[in-house]
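Enquirer: In the numbering used here, the protein residues as written are 1395 to 1835.
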Amino acid sequence: MNKGTCFFPKRFLWGTATSSHQVEGNNTNNNWYIWDQTPGKIIGGATAGLACDWWNGRWKEDLAHAVEDGQNIHRLSIEWSRIEPQPGKWDESALLAYREMLKGILALGLKPMVTLHHFTDPIWIYERGGWENEETAAHFAQYVEKTVGALHDLVDLWVTINEPTVYVFSGYMSGEFPPGKNDAKAAFQVLRNLVRGHACAYHTIHRIQPTAMVGFAKNFRAMAPARKWFLPDRWVNTFSYNSFNNAFADALINGKLKFAMWKDILPEAIATQDFIGVNYYTRDLIKFRLFKPKEIFQERFFDPAAEMSETGFIATEPVGFYESLQWAQRYKLPIYITENGVEDSRDSVRPHYLTTHLFQVWKAIQTGMDIRGYIHWSQVDNFEWERAWTQRFGLWELDVATQKRTRRPSVDIYRDICMSNELPLELIQLHAPELLEPRPR
Ligand code: FCB
C-alpha cells in the first residue's frame, strides 16, 4: 500500500456536471433567453448563443473526453422549455433527442444523474408569474411526469431542482437572475412553491419508478460572523444560515418551512429525499450593517487571508466544504457532491482548489460519512448566467467562437484521481503540500 495516499471507497462515482441552458445552445424559449435579450442584465451584453453546442451533438465530444479521463458519472439537466414549449403541448422530438443523448451517455459508460430544473423556466411559466404563481408546482409535476415517463428506463438518479435557494435569493433578493426583484415576501412565496414543486416531483417520480433515487441539489454556503464577539454579527449570520442553508432542506424532513418572518406547513414535503446533493463553492464572513435593509442588514466578504479565484467570485475555503458535508449528514441520507469547482481560465488556482477540496471529502469519508460520489463543475467552460463567458469553470477550455476545446492541466490531475480512485500522495505534495504539514491551515 502506498503510504499516505487517500483511498476512496469502491464504486465511488467521479464525474462532472453541466446544465441545459449553459451548454445546449439556442435555448430561446426560457426566462434566461428573455434576460439575455434585456439590456444591462448580462455582463458585457453577452448571450448564451450556441453555448457549448450540445443540442447539435457536441456533448459526444465532451463526454468522450470525460470517459477517456476516467469519469463514470455525468450530471446533466433537461430543459423544461424544450419538452413543453407551450402549456400542455409536448415536443416529442425533444424527448427523443434527450433519449438519444442518455443512451449515448450510457453507451459511453457514464451513469447519468438528471436534473429536472436548473434555474430555467419556460417563457409561458415566466409570463404567468413564474414560481410566485401557486399553479406552477402542478405544471412542473406534469412536466416531470411526462419526462420521467419517457426516460425512466435510462435514468435512476434524479435531481428535482437545482439550488432552490440560489434561484430565490438571486431572482427575488439580489435581483441578478430573472425576474430581478428585491421583494422578501415574493421570495418566501417562491421558496414555498419550490418546496411544493419538489414534493410533487418526488411523489410523481416514485409513482412511475419506485426504485429511483430522488433528491435536490443544495448550494451550501459556509458562513461565519466576521466579529465573533459582536452579537449583531452573530444574529445576521444565524439568520442567513437558517434561511439560506436550512429552510428548504428542513422542509423536506418535517414539512415545516420557515423563512424570515414567514412560516408554513407543507405536509406533502415530509421525507421527500432519498439522497442529499451538495453543491459547495466557498465561504463568507458576515457583518451587521444597520443601513443595508435591502441586503438584509449585512455585508458579506471573503476572509482577506484566503486565496482568491480569478474574478474574485470564490475564496478557496476547503474547511467550509467539510462543514457542508457535516451539515448534509444530519439528514441521515446518502450524500452526493453534485457540484464543486472554481472559475480559473489560466488554471492557476484549480489544482490547489481541487486537491484541498478532495482532501476534505476523503477526510469526511474516513469519519464514516456515506458519500457516494464527487461531481466537479464543470467538464468544459460554459455560459455562467449573468456572468456569461467571463467565468471559466471548465476542466477543458472552450473557444466560444470556434467551439474548439483545449485541455487545461487540471484535466490530468482529475484524471489521475478518477482513474486510481485515490487522491495520490504525489498530487498532494505537488499541489497542496500544506496538507502534509503537522497543522494544516
Ligand atoms: C452554481 C450553479 C451552476 C454554475 C455554478 C458555477 O450555483 O448551479 O449552474 O453556475 O454555480
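We put the CB at the ideal spot given by N, CA and C, even for glycine.
Just tell me which of Phe1696, Gly1439, Phe1571 has its CA closest to the CA of Val1560.
Expert: Position 166 of the sequence shown, counting from 1, holds the residue named residue 1560. Checked all of Phe1696, Gly1439, Phe1571; the closest Cα to Val1560 is Phe1571.
Enquirer: Within 10 angstroms of the Cβ of Asp1793, are there 16 or more other Cβ atoms? Answer buried if so, exposed if not.
Expert: If you number the sequence shown from 1, residue 1793 lands on position 399. By the 10 Å Cβ count, Asp1793 comes out exposed.
Enquirer: Could you round the C-beta distance between Pro1745 and His1825 to whole angstroms and report it? I think they count as a contact, below 8 Å.
Expert: The residue labelled residue 1745 in the question sits at position 351 within the sequence shown. The residue labelled residue 1825 in the question sits at position 431 within the sequence shown. The pair is a contact, with the Cβ atoms about 4 Å apart (cut-off 8 Å).
Enquirer: For Ala1611, write down the residues that DSSP places opposite it in a beta bridge.
Expert: On the sequence shown, position 217 is the one that residue 1611 refers to. Looking at the DSSP assignment, Ala1611 forms a beta bridge with Asn1556, Gly1671.
Enquirer: Per DSSP, what are the beta-bridge partners of Tyr1730 in this structure?
Expert: Your numbering for residue 1730 matches position 336 in the sequence shown. In DSSP, Tyr1730 forms a bridge with Gly1671, Gly1767.
Enquirer: Could you pull out every unbroken beta strand (DSSP E) segment of at least 3 residues lying fully inside the stretch 1625-1703, listed in chain order?
Expert: Qualifying beta strand (DSSP E) stretches, in chain order: 1650-1653, 1656-1659, 1670-1682, 1692-1695.
Enquirer: Please go through the same chain and pick out, in chain order, the residues whose beta-carbon is closer than 7 Å to the beta-carbon of Ser1804, but skip the five residues on each side of it.
Expert: For this step, residue 1804 is matched to residue 410 along the sequence shown. For Ser1804, where only same-chain residues beyond five positions count, the Cβ hits under 7 Å are Asp1741, Arg1744, Pro1745, Leu1748, Leu1789.
Enquirer: Got a sec? Which residues, its chain only, sit under 7 Å from Ile1437 by beta carbon, not counting five neighbours each side?
Expert: As a first step, residue 1437 is located in the sequence shown; it is residue number 43 there, counting from the start. So the list reads Glu1780, Arg1781, Ala1782, Thr1784, once near-sequence residues are dropped.
Enquirer: Less than 7 Å separating the Cβ of Glu1557 from some heavy atom of the ligand FCB?
Expert: By 1-based counting over the sequence shown, the position of residue 1557 is 163. The answer is yes for Glu1557.
Enquirer: Report the residue ranges of all alpha helix (DSSP H) runs contained in full by the stretch 1517-1572; include only those spanning at least 4 residues, in chain order.
Expert: Those alpha helix (DSSP H) runs which fall completely within the stretch 1517-1572 and span 4+ residues are 1517-1521, 1530-1545, 1558-1566.
Enquirer: Less than 7 Å between C-beta atoms, sequence neighbours within five positions excluded: which residues of the same chain meet that for Thr1732?
Expert: For this step, residue 1732 is matched to residue 338 along the sequence shown. Once the five neighbours on either side are set aside, the close Cβ partners of Thr1732 are Ala1411, Arg1469, Val1553, Ala1611, Gly1671, Val1672, Asn1673, Ile1769.
Enquirer: Is there at least one non-hydrogen atom of the ligand FCB closer than 7 Å to the beta-carbon of Ala1416?
Expert: Sequence index remark: in the sequence shown, residue 1416 carries index 22 (1-based). The question names Ala, but residue 1416 in the sequence shown is Gln. Answer for Gln1416: yes, Cβ within range of the ligand FCB.
Enquirer: If you scan the stretch 1745-1799 from start to end, which runs of the alpha helix (DSSP H) of 4 or more residues do you find wholly inside it?
Expert: Those alpha helix (DSSP H) runs which fall completely within the stretch 1745-1799 and span 4+ residues do not exist here.
Enquirer: Give me the Cα-Cα distance between Ser1814 and Thr1800, rounded to the nearest whole angstrom.
Expert: Taking the first residue of the sequence shown as 1, we reach residue 1814 at position 420. Taking the first residue of the sequence shown as 1, we reach residue 1800 at position 406. Ser1814 and Thr1800: Cα-Cα distance of roughly 23 Å.
Enquirer: Any heavy atom of the ligand FCB inside 7 Å of the beta-carbon of Phe1638?
Expert: The residue you call residue 1638 lines up with position 244 of the sequence shown. Phe1638: no, Cβ never under 7 Å from the ligand FCB.
Enquirer: Closest to Thr1796 by C-alpha separation, out of Gly1574, Arg1452, Ala1616, Leu1829, would be which residue?
Expert: Working through the sequence shown from its first residue, we reach residue 1796 at position 402. Out of Gly1574, Arg1452, Ala1616, Leu1829, Arg1452 has the C-alpha closest to the C-alpha of Thr1796.
Enquirer: Note down the Cα distance separating Met1395 from Gln1754, rounded to an integer number of angstroms.
Expert: As a first step, residue 1395 must be located in the sequence shown, where it is residue number 1. As a first step, residue 1754 must be located in the sequence shown, where it is residue number 360. Since pLDDT at Met1395 reaches only 43, below the 50 mark, its modelled position is unreliable, and no value is offered.
Enquirer: What is the rounded straight-line gap between the Cα of Cys1400 and the Cα of Leu1684?
Expert: The residue given as residue 1400 occupies position 6 in the sequence shown. The residue given as residue 1684 occupies position 290 in the sequence shown. Each residue's Cα considered, the two are about 47 Å apart.
Enquirer: Mind listing, in chain order, the continuous alpha helix (DSSP H) runs of no fewer than 4 residues lying wholly within the stretch 1397-1459?
Expert: Qualifying alpha helix (DSSP H) stretches, in chain order: 1414-1417, 1425-1431.
Enquirer: Would you mind sorting Thr1632 into buried or exposed? The rule is 16 or more other CB atoms within 10 Å of its CB.
Expert: Taking the sequence shown and counting its residues from 1, the one referred to as residue 1632 is at position 238. Under this definition Thr1632 is an exposed residue.
Enquirer: Assuming Pro1646 contacts His1592 (C-beta within less than 8 Å), just tell me the rounded distance between them.
Expert: Numbered from 1 along the sequence shown, position 252 holds the residue referred to as residue 1646. Numbered from 1 along the sequence shown, position 198 holds the residue referred to as residue 1592. According to the sequence as given, residue 1646 is Leu; it is not Pro. So it is a contact: roughly 7 Å between Cβ atoms.
Enquirer: Within the present structure, is the beta-carbon of Phe1571 separated from the nearest heavy atom of the ligand NAP by less than 7 Å?
Expert: Among the ligands in the structure shown, the ligand NAP does not appear; only the ligand FCB can be found there.
Enquirer: Below 8 Å on the Cβ atoms is my contact criterion, and I expect Pro1516 with Trp1484 to pass it. Report the Cβ-Cβ distance as a whole number of Å.
Expert: Walking along the sequence shown from the start, residue 1516 turns up at place 122. Walking along the sequence shown from the start, residue 1484 turns up at place 90. Not really, about 12 Å apart at Cβ, beyond 8 Å.
Enquirer: Which class does Ser1471 belong to by DSSP, given the choice of helix, strand or coil?
Expert: Here residue 1471 is taken as the residue at index 77 of the sequence shown, counted from 1. It is a strand residue.
Enquirer: In the DSSP assignment, find the unbroken beta strand (DSSP E) run with Pro1818 in it and report its ends.
Expert: Here the question's residue 1818 lines up with position 424 in the sequence shown. Here Pro1818 belongs to no beta strand (DSSP E), and DSSP marks it neither H nor E.
Enquirer: Please report the residue range of the beta strand (DSSP E) in which His1511 lies.
Expert: For the purposes of this step, residue 1511 is taken as residue 117 along the sequence shown, with counting starting at 1. First-last of the beta strand (DSSP E) with His1511: 1505-1511.
Enquirer: What did DSSP end up calling Met1395 once you bin it into helix, strand or coil?
Expert: For the purposes of this step, residue 1395 is taken as residue 1 along the sequence shown, with counting starting at 1. Unreliable positioning characterises Met1395 in this predicted model, as indicated by a pLDDT of 43, which lies under 50. A coordinate reading is not provided.
Enquirer: Kindly examine the ligand FCB and report whether one of its heavy atoms sits closer than 7 Å to the Cβ of Asn1673.
Expert: Here residue 1673 is taken as the residue at index 279 of the sequence shown, counted from 1. It does: the Cβ of Asn1673 is within 7 Å (strictly closer) of some heavy atom of the ligand FCB.
Enquirer: Cα separation between Leu1504 and Asn1420?
Expert: Counted from its first residue, the sequence shown places residue 1504 at position 110. Counted from its first residue, the sequence shown places residue 1420 at position 26. So the alpha carbons of these two residues sit roughly 25 Å apart.
Enquirer: Rounded to whole angstroms, what's the CA-CA distance from Val1542 to Lys1575? Just pull it up for me.
Expert: Locating residue 1542 in the sequence shown gives position 148, where the first residue counts as 1. Locating residue 1575 in the sequence shown gives position 181, where the first residue counts as 1. Distance between the alpha carbons of Val1542 and Lys1575 is about 32 Å.
Enquirer: For Ala1595, report the span of its alpha helix (DSSP H) as first-last.
Expert: The sequence position of residue 1595 within the sequence shown is 201, counting from 1. Residues 1578-1602.
Enquirer: What distance in whole Å lies between the Cβ atoms of Phe1534 and Gly1609, which are believed to be in contact at a cut-off of 8 Å?
Expert: The count along the sequence shown starts at 1 and reaches residue 1609 at position 215. The count along the sequence shown starts at 1 and reaches residue 1534 at position 140. With 8 Å as the limit, Gly1609 and Phe1534 do not qualify as a contact, their Cβ atoms being about 16 Å apart.
Enquirer: Is the stretch 1455-1472 in contact with the stretch 1424-1437, if contact means three or more CB pairs nearer than 8 Å?
Expert: Contact between the stretch 1455-1472 and the stretch 1424-1437 is absent, because fewer than three Cβ pairs lie under 8 Å.
Enquirer: Name the DSSP bridge partner or partners of Ala1616?
Expert: The count along the sequence shown starts at 1 and reaches residue 1616 at position 222. Answer by DSSP bridge pairing, in chain order: Arg1677.
Enquirer: Quick one: what's got a C-beta closer than 8 Å to Asn1423's C-beta in the same chain, skipping five residues either side?
Expert: By 1-based counting over the sequence shown, the position of residue 1423 is 29. The residues are Ser1475, Arg1476, Pro1479, Pro1516, Ile1517.
Enquirer: Would you kindly work out how many angstroms separate the C-alpha atoms of Tyr1537 and Ala1531, rounded to a whole number?
Expert: On the sequence shown, residue 1537 is found 143 positions in, with the first residue counted as 1. On the sequence shown, residue 1531 is found 137 positions in, with the first residue counted as 1. Approximately 10 Å between the Cα atoms of the pair.
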